[in-house]
Structures are given as C-alpha cells and as structure tokens.
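**Student:** Mind looking over this structure? Questions follow.
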Amino acid sequence: MQPEVLLVEDNPGDVRLTREAFRESEVTARLHVVTDGLEAVRFLKHEGAYAAAPRPDLILLDLNLPRLDGREVLGRIKLDADLKSIPTVVLTTSSAEVDIAKSYELQANCCLVKPSAFQALVCLVRSLDELWLKNARPLHRAGG
Amino acid sequence: MALQVLLVEDSPGDVRLTREAFRDTNLAVDLHVAMDGIEAMAFLRREGEHKAAPRPDIILLDLNLPRMDGREVLAHIKEDPSLKMIPTVILTTSDAEADIVKSYQLQANCYLSKPVQLDAFESLVRSINEFWMTRVKLPQRESAAVASPVGGKP
Chain S
0 MQPEVLLVED
10 NPGDVRLTRE
20 AFRESEVTAR
30 LHVVTDGLEA
40 VRFLKHEGAY
50 AAAPRPDLIL
60 LDLNLPRLDG
70 REVLGRIKLD
80 ADLKSIPTVV
90 LTTSSAEVDI
100 AKSYELQANC
110 CLVKPSAFQA
120 LVCLVRSLDE
130 LWLKNARPLH
140 RAGG
Chain D
0 MALQVLLVED
10 SPGDVRLTRE
20 AFRDTNLAVD
30 LHVAMDGIEA
40 MAFLRREGEH
50 KAAPRPDIIL
60 LDLNLPRMDG
70 REVLAHIKED
80 PSLKMIPTVI
90 LTTSDAEADI
100 VKSYQLQANC
110 YLSKPVQLDA
120 FESLVRSINE
130 FWMTRVKLPQ
140 RESAAVASPV
150 GGKP
C-alpha cells in the first residue's frame, strides 16, 4: 500500500514542480494536493467531497495560503487529538526567522525551505521519503 | 558555532556508535551526551555543573532511561515554553504502538526505532544527520544565555 502525502500549496507553479519532483524522485508515495487552507482542513476531516480521502502519512504545508492561513491550519492540526500525530512539515519560501519560530511554536514537526532549483527539490523529496515514509514511525500502513 | 546536539542515551555502545556516525559526516556537530533523564533536564535547564551548557539545536532522546524515563523528559521539554521549540527526535529500541502514540501525543517531532544491526543503525544516524542537521531549518538558538529557574523542577 502506497504512503499518502498531502501537499497544501496555492501556487500552481510550485504544485506542478512538486508533482514533477515526486515523479522524478521515483518515491512510491501518492501525492494529494489542496490549494488553500480550508480545503486542507476539509481533506483532513473527510468533509464533503473528501469523505473518502485517505489519512495522510505526511503533510507538506505552505504557510501563506488563501482562505485559511497555513499557520491556522497547522494550529488546528496540532490541537486535534486525532490529527496531531500526522507528521506536518512546513515548507517555506523564506527563511524568515519569525515564520520558522512560529511554526515550531505551533508544533510543526519541522520546517524546510523550498528549494528553487528543480534537482534540489527532487533531492528534498527523496530525503523526505527516506526519513518520514521509510524510517519514521508510524510507518505507512503495511499490507493490503 | 557548530550544531549543538543533545543525545540522551544510557547505552555506552549506542553513544559511541552515534558519535562515530556523526564524525563520519562533514558537518560541524558538538555532541553532548546525558545518560539519564535527570542529567538531561539539568543540561537543558543549565543547572549545577551544566550552568554553561549551550542550548541544543536538536535533541535525540531515548525512551528507556534510568532515574528519569525518556517519556517524562519529553513531557518536561514540551511543557516548558523555553524548551518546547527544540526539535526532539525520539530514538529508541521500543517499537511499541503505545510508545509511538504517547510520544506524538506529547508532541515529539519525530519517532525513530533504533535498528539492532550495526549497519542499519549507522544508516539511520546518517539519515538523521542528512535530514535533521543539514536540511531542516532549526529554530534559532537564543543569542544570550538565559538563567534557569531557581529551585529547579524535578
């Protein structure tokens, strides 16, 4: 069974690049994309169109999102008894200390700066796969 | 300043392996070791002989520790406003579901099971190094030392 990764990203260019990076990296994860914070919450809560959405094994979260800001999404994830255990990695374009500090304060599992070069993004995807999808517990559901 | 890593680990063998695995990488890492939970908290709170201890950039924490259990250490870290932002990676032999669930409940940043085989263990430490020490943007260490509270908590 494939690991499920939820990408929360509003920039269409970044979405496309990330999809391509996942393909290029050959990681086995299935990538789901939502493009604003409200959709992210709906996906995670299996609301409406997302009634059958899988529980992600990893969330990649941009901070600057329309409709519901990424910081708010992060806060909700980490305060929810059911969702807080899902590894949530903040992907930020800036290395602004205030954003990084805020993310850790909100209990992000970690923060990464989005690389601009494609190959660097591919390497990042592989690194995420290695640590979070292959090594970290809980592992994605095995069998079936 | 080199990356400050606090390893909380009671097995001397695992301490040595971890030290060697970090030495093999090119990164400048200062590895500090606490061999039980009480010492870990004293280091983090800069108490007693640890008055001049640097604040770690990251903590690698075993769960099964003498004197104060790693689960309790994790709880103390994540309850303390001055410590909770330090990424805390559980690195333990326990693969028990209950431990995994509890650790995430307590807001551990990551949970990793220590493999028994040597090369798998070394490979894991390399992965930790590659991801946590080189890629992750860690929270900025405070620039000035902060005095720990008087009459320290247990």
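Those protein sequences? They're chains S and D, same order as listed. Under numbering that gives the first Met the number 0, residues 0 to 143 are what the first sequence spells out, in order. Under numbering that gives the first Met the number 0, residues 0 to 153 are what the second sequence spells out, in order. Ideal Cβ placement from N, Cα and C applies to all residues, glycine included.
Between S:Asp9 and S:Gly36, what straight-line distance do the alpha-carbon atoms span, to the nearest angstrom?
**Tutor:** Those two C-alpha atoms are separated by around 9 Å.
**Student:** Would you kindly report the start and end of the unbroken alpha helix (DSSP H) that includes D:Asp20?
**Tutor:** Note that residue 20 of chain D corresponds to Ala in the displayed sequence, not to Asp. Per DSSP, D:Ala20 belongs to the alpha helix (DSSP H) from Pro11 to Arg22.
**Student:** So which of S:Leu111, S:Leu78 and S:Asp98 has the shortest CA-CA distance to S:Leu90?
**Tutor:** The residue with the shortest Cα to Cα distance from S:Leu90 is S:Leu111.
**Student:** Checking contacts by CB at 8 Å: is S:Arg136 closer than that to chain D?
**Tutor:** Yes, S:Arg136 lies at the interface with chain D (some Cβ there is under 8 Å from its Cβ).
**Student:** Listed from N- to C-terminal order along the chain, which residues in the segment 121 to 132 of chain D have their beta-carbon within a distance smaller than 8 Å of any beta-carbon of chain S?
**Tutor:** Those residues of the segment 121 to 132 of chain D that come within reach of chain S (Cβ to Cβ, closer than 8 Å) are Leu123, Ser126, Ile127, Glu129, Phe130 and Trp131.
**Student:** Here's the rule I'm using: 16 or more other beta-carbon atoms within 10 Å means buried, otherwise exposed. How should S:Ser84 be labelled?
**Tutor:** Buried: at least 16 other Cβ atoms inside 10 Å.
**Student:** Are the C-beta of D:Ile58 and some C-beta of chain S separated by less than 8 Å?
**Tutor:** Taking Cβ atoms only, chain S never reaches closer than 8 Å to D:Ile58, which makes this a no.
**Student:** Could you please give the first and the last residue of the uninterrupted alpha helix (DSSP H) stretch that includes D:Tyr110?
**Tutor:** It is not in any alpha helix (DSSP H) - D:Tyr110 instead sits in the beta strand (DSSP E) that spans Cys109 to Ser112.
**Student:** Looking at the unbroken alpha helix (DSSP H) that takes in S:Glu96, where does it start and where does it end?
**Tutor:** Glu96 to Glu104 is the extent of the alpha helix (DSSP H) around S:Glu96.
**Student:** Which residues, in chain order, does the segment 86 to 104 of chain S contribute to contact with chain D at a C-beta distance below 8 Å?
**Tutor:** Answer in chain order: Pro86, Thr91, Ser94, Glu96, Ile99, Ala100, Tyr103 and Glu104.
**Student:** Would you verify that the beta carbon of S:Gln106 is, or is not, closer than 8 Å to some beta carbon of chain D?
**Tutor:** Yes, S:Gln106 lies at the interface with chain D (some Cβ there is under 8 Å from its Cβ).
**Student:** Drop a sphere of 10 angstroms on the beta-carbon of S:Pro86, count the other beta-carbons inside from all chains shown, and report buried for 16 or more, exposed for fewer.
**Tutor:** Buried, by the Cβ-count rule.
**Student:** Counting only Cβ pairs nearer than 8 Å, list the residues of chain D close to S:Val112.
**Tutor:** What S:Val112 touches in chain D: Lys136.
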